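**Student:** Take a look at this one; I'll ask things after.
Dropping the structure here:
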C-alpha cells in the first residue's frame, strides 16, 4: 500500500511537471513569435516577387519592358535597337540611415550596382552623378576587376575595396546587406555572410575618400545624406530578389 501510494504521488508530480514544462515551452514559443513579429515589423518589403509598386525609374514616368518580373525575380535585360534606353530602377521613397537586404546575381562578364542617397535632377541622366555605389560584378570575367580591387563586387565603388572576394560565380545568387548609419557615421557591406567593406558615410573621412576617387570634381556626388536607392542599368543582364529595408 505504501509503495502504491508513493507511485501515485510520483505519477501526479511527473504529470504536473510535464504540464508545467509544456506551458513553459508554449509561453517561450509565444514570446519568440512576438519578438520575431516585432522584428519583422521593422522591415519594409521593397520586392516580394509580385510587383514593382515600390519602384519607379530615374527621370522617367514609367518602367519599360527592360525591367521585368520573372518567376518572382526582378530581371533586367537591355533592349536592342531603337527600344534601348538607359534606365535605372529606383525606390519611390527616400532613405537616410538604413539597412538593406538584397539578393543578386550577375550575368557572365556583367556589371551592375546598388546606389544610395540618389538625387533626381534634370541635369543628370544617370543616378551615379549623385549617389555612391556598391559594386556588382562578375569578378572573374569583367575587365573592371583588373582596374583595382575597389571596383570589384562588394566595393564602395572606386573608394573602398572589399577585404576578400566571397562572391559566387556568375549566374549564382549572392546575399548582400548594405548598412548606412549616419547617426554613428558608419557604413558596411556584408556579402554572403562576410563583412567585406567598412567606411565612414559623412564628414572628413568621407570627403577624403571622395577626393581620392574619380568623383573628386563631381559637385553633387555624395553630398546628400537622404535620397533614393537605385539598381543600376550598366548594359548587362542582372537579377534581384528578396529586397527589404529597415530604417535605423
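Numbering (the working numbering), first residue to last: 852 to 1099. Each residue gets a CB set at the ideal place from its N, CA and C atoms; glycine is no exception. The structure presented is a predicted model; accordingly, all values stated were derived computationally and were not measured.
1. Can the beta-carbon of residue 983 be found less than 8 Å from the beta-carbon of residue 1004?
2. Measure the Cβ-Cβ separation of residue 1071 and residue 1021 and say whether it is below 8 Å.
3. By Cβ distance, which residues of its chain are closer than 8 Å to residue 1085, with the 5 residues on each side in sequence left out?
4. Along the chain, where does the beta strand (DSSP E) containing residue 1025 start, and where does it finish?
5. Please state the DSSP three-state secondary structure of residue 1061.
6. Using only alpha-carbon positions, find the residue among 1088, 893, 1054 and 1067 that is nearest to residue 981.
7. Terminal residues of the continuous beta strand (DSSP E) containing residue 947?
8. Curious, which full-length beta strand (DSSP E) runs of at least 3 residues does the segment 933-1014 contain?
9. Among 895, 1036, 979 and 1095, which one has its Cα closest to the Cα of residue 1050?
10. Sort out for me which residues DSSP pairs residue 1081 with in a bridge.
11. Pull up the distance between the alpha-carbon of residue 1032 and that of residue 913, whole angstroms please.
12. Tell me the DSSP secondary structure of residue 1038 in three-state form.
13. Going by DSSP, name the residue or residues bridged to residue 911.
14. Given a threshold of 16 other Cβ atoms within 10 Å of its Cβ, counted over all protein chains shown, does residue 936 qualify as buried or as exposed?
15. Within a Cβ cutoff of 8 Å, which residues of the same chain sit near residue 1053, ignoring the five residues on either side of it in sequence?
16. Does DSSP put residue 1055 in a helix, in a strand, or in coil?
**Tutor:** Let's see:
1. Reading the chain shown from its first residue, position 132 is the one you call residue 983. Reading the chain shown from its first residue, position 153 is the one you call residue 1004. For residue 983 and residue 1004, no; Cβs fall outside 8 Å.
2. Translated into the one-based positions of the chain shown, residue 1071 becomes position 220. Translated into the one-based positions of the chain shown, residue 1021 becomes position 170. With respect to the 8 Å criterion, residue 1071 and residue 1021 are not classified as neighbours on the basis of their beta carbons.
3. By one-based count along the chain shown, residue 1085 stands at place 234. Only 961, 962, 963 and 964 meet the Cβ criterion.
4. Residue mapping note: residue 1025 aligns to position 174 of the chain shown, counting from 1. Residues 1025-1032.
5. Your numbering for residue 1061 matches position 210 in the chain shown. Helix.
6. Numbered from its first residue, the chain shown carries residue 981 at position 130. Comparing Cα-Cα distances from residue 981 to each of 1088, 893, 1054 and 1067, the minimum goes to 1067.
7. To locate residue 947, count along the chain shown from 1; it is residue 96. First-last for residue 947: undefined, no H or E at that position.
8. 940-942, 949-957, 962-969 and 984-988
9. Counting from 1 along the chain shown, the entry for residue 1050 is found at position 199. Among 895, 1036, 979 and 1095, the Cα nearest to that of residue 1050 belongs to 1036.
10. On the chain shown, residue 1081 is found 230 positions in, with the first residue counted as 1. BP columns for residue 1081 point to 941 and 966.
11. The sequence position of residue 1032 within the chain shown is 181, counting from 1. The sequence position of residue 913 within the chain shown is 62, counting from 1. In a straight line, the C-alpha of residue 1032 is about 31 Å away from that of residue 913.
12. Residue numbering aside, residue 1038 sits at position 187 when the chain shown is read from its first letter. Looking at residue 1038 - three-state DSSP - the assignment turns out to be strand.
13. In the chain shown, residue 911 corresponds to position 60, counting from 1. Answer is none; residue 911 lacks a bridge partner.
14. Residue numbering aside, residue 936 sits at position 85 when the chain shown is read from its first letter. Exposed is the call here.
15. Within the chain shown, numbered from 1, the residue matching residue 1053 stands at position 202. So the qualifying residues of the chain are 1033, 1036 and 1076.
16. Looking up residue 1055 in the chain shown gives position 204. Residue 1055: helix per DSSP, three-state reduction.
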